[in-house]
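Reading the sequence shown from the start, the letters are residues -21 to -1, 1 to 419 in mature numbering (1 follows the signal peptide of the UniProt record, and there is no 0).
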Amino acid sequence: MKKTVLALLTATMAFSSVTMASDVKIMTKVSGGKTAGEHKAFVQVIEKNTGMDVSMVKPGGSYDQVVLTTLASGEKYDLIYSTSKQLEYFIKQKAIMPMNDLIAKSPILSDRNRISQEELDVISRDGKIYGIPNKFEGGTMPVVRADWLEELGMKDPATLDQWYNFFKAAKTKYGAYGISTKGLYDIQPFMSAVGVKAGYVMIDGKRTVPYATDAAAPVYDWFAKLYKEGLLDPNFASNSSSDMTKLFLSDQTATVTYWDAFVGLYNNIRTNQDPKTTFRAKGLAGVPGPDGKIMMRRGDSSIWVIPANARKPENAIKFLEFWHSEPGYLLGTLGIEGIDYNVVDGKYVLTETGKEHGLDHGAPRVTSRNWVNPFGSLPGVDEAEAIVLKHASLEVLPAEWSKTKKILQKYAYRAMLGKVTGAEAVKAMRKDLAKSKLID
């Protein structure tokens, strides 16, 4: 089995910096250099700041599969990048170790101004902390053309009717779709209007899927109305994220449902294209439900975990302490001095390479609420992030979610296209989910 893992790593490896007698061996996905040369320089910065010899493998291909195969084989790493959605499996297999004692001994990792208790709660089970966050994870939300709202003399939509009116007005004045989505990703801000949460919800110990309940039916019918009137992008079911982005940046849709961080990226892109542009993207909250609560989606936490067979857990902690300190913040955002940026007369200046890399080398937004990025925040990001922090929560997506998702999509798309009613769609969903033993 070990030979299989080594072969897999060799075949899928994009680039790495490996020292045979390293002090710490790390597997990473998003954190690191953008190219092989930059990755080597990235590791050198870590070594300079920690005083350790660092092996940092950044495999290509199916990263999650590489991780699972590596852990199953006994291949030894001191630290592995993963996400919170993998935690249940890791814990069940006893593949990773709790980090409570290691964190308690670290002045940096136990500093709640650097890593909040809320962040740790997401990756804790039964009081045991099984990882350290890699970065601050945002959430998805409606991102609208705020300049259009202003030109139309309309307030921020807060009900389904108000959203419909905005979409209708945008279609009439600008010839644009009201909204473009990537399938059901992410209609959560609108499902919030009926108090429905995506994913699984446990009720009295039983698995339920709220998107397949009668409560969700009116929202599917609402989308069918949008589709019929040409307000919903007709390609929503097959869209990629880039498809939505292209429509939004080319004035072809008034709204997309995407990550809060992209509010700033959209504004930055258009401003770079035309400094005099009136384009202004803005993130908005979901629609309040019957009880006044707003339900939105927060992204799964990207985390660092220590395998149960780690050679040197204490050195993994040294890396994490660096990653959550000021030099680590600079590395995870700006990148490498001399490659991505320079400091000229005390001022940070991005190189052309740095501009291409977009202030993202694995942690575009750090978990610290006190550290200030030298380049500040992109326009609209802070306001969007505040909405996410106030209203968003993680979705419960167990291993069977991939099967459940396909069933939901099958019937939801039919309803949103007006081929069946919302009531007919959710009834069919429940029938198939029960037949496949995906709900209790």
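Think of the CB as a built atom: it goes at the ideal place given N, C-alpha and C, for glycine as much as any other residue.
Treat the numbers as computed from the prediction; the structure is a model and nothing was measured.
Does residue i come out as helix, strand or coil in the three-state DSSP assignment?
i           : result
GLY12       : coil
LEU139      : helix
VAL405      : helix
TRP350      : coil
ALA287      : coil
ILE25       : helix
TYR327      : strand
GLU362      : helix
THR224      : helix
GLY311      : helix
GLY58       : Strictly speaking, residue 58 in this sequence is Leu, with Gly absent from that position. Strand.
ARG344      : coil
residue 421 : For residue 421 there is no data in the structure shown, the boundaries of the chain being -21 and 419.
GLU293      : helix
LYS416      : coil
LYS134      : coil
LYS272      : coil
THR(-3)     : Here THR(-3) scores only 47 on pLDDT, less than 50, and its place in the model should not be relied on; the value that follows carries that caveat. Of the three classes helix, strand and coil, the one that applies to THR(-3) here is coil, per DSSP.
GLU316      : strand
ILE166      : coil
MET395      : helix
LEU(-14)    : Because LEU(-14) sits at a pLDDT of 35, beneath the cut-off of 50, its placement in the model cannot be relied upon, and the following sentence gives the value as read from the coordinates. Helix at LEU(-14).
LYS150      : helix
LYS161      : strand
residue 421 : Past the boundaries of the shown model lies residue 421; the chain is included only from -21 to 419, so the question cannot be answered.
Starting from the C-beta of residue i, find all residues in its chain whose C-beta is less than 6 Å away, skip the five residues before and the five after it, and write them out in chain order.
i      : result
TYR245 : ALA260
TYR308 : VAL345 and TRP350
ASN247 : LEU357
Do residue j and residue i come within 8 Å of each other at the CB atom, strictly closer than that value?
i      : j      : result
SER280 : PRO112 : yes
MET395 : TYR206 : yes
LEU88  : PHE146 : no
LYS297 : MET120 : no
GLY184 : GLY359 : no
LYS291 : VAL3   : yes
ILE5   : ASP57  : yes
GLU403 : GLY262 : no
ALA233 : ARG124 : yes
GLY174 : GLY278 : no
GLY282 : SER61  : Position check: residue 282 holds Ile in this sequence, whereas Gly was assumed. In this structure, SER61 lies closer than 8 Å to ILE282 by Cβ.
TYR156 : ASP230 : no
GLY337 : GLY311 : no
LYS161 : SER103 : no
ALA203 : GLY397 : yes
LYS114 : PRO343 : yes
In or out: residue i buried (at least 16 other Cβ within 10 Å) or exposed?
i           : result
ILE182      : exposed
residue 431 : Summary: the structure shown does not reach residue 431, with the chain confined to residues -21 through 419, and so no result is reported for it.
GLU331      : exposed
ARG348      : exposed
GLU364      : buried
GLY314      : buried
ALA240      : buried
GLU335      : exposed
PRO189      : buried
ARG393      : buried
THR224      : buried
ASP319      : buried
Got a sec? Which residues, its chain only, sit under 8 Å from residue i by beta carbon, not counting five neighbours each side?
i      : result
PHE301 : ILE25, ASN28, THR29 and GLY307
GLU305 : TRP350
Leaving out the 5 sequence neighbours to the left and right, which residues in its chain are closer than 7 Å to residue i when beta-carbon positions are compared?
i      : result
ILE75  : PHE69, TYR109, VAL284, ILE285, PRO286 and ALA287
ALA295 : VAL3, ASP57, LEU58, ILE285 and ALA289
ASN79  : LYS107 and ILE108
Could you tell me which whole alpha helix (DSSP H) segments of length 4 or greater appear in the region 183 to 220? 196 to 207
Output the residue ranges of the alpha helix (DSSP H) runs that lie fully inside the region 50 to 109 and measure 4 residues or longer, sorted by chain position. 66 to 71, 79 to 83 and 96 to 101
Minimum length 3: unbroken beta strand (DSSP E) runs contained in the region 231 to 264: For the region 231 to 264, whole beta strand (DSSP E) runs of length 3 or above, ordered along the chain, are 234 to 238 and 260 to 262.
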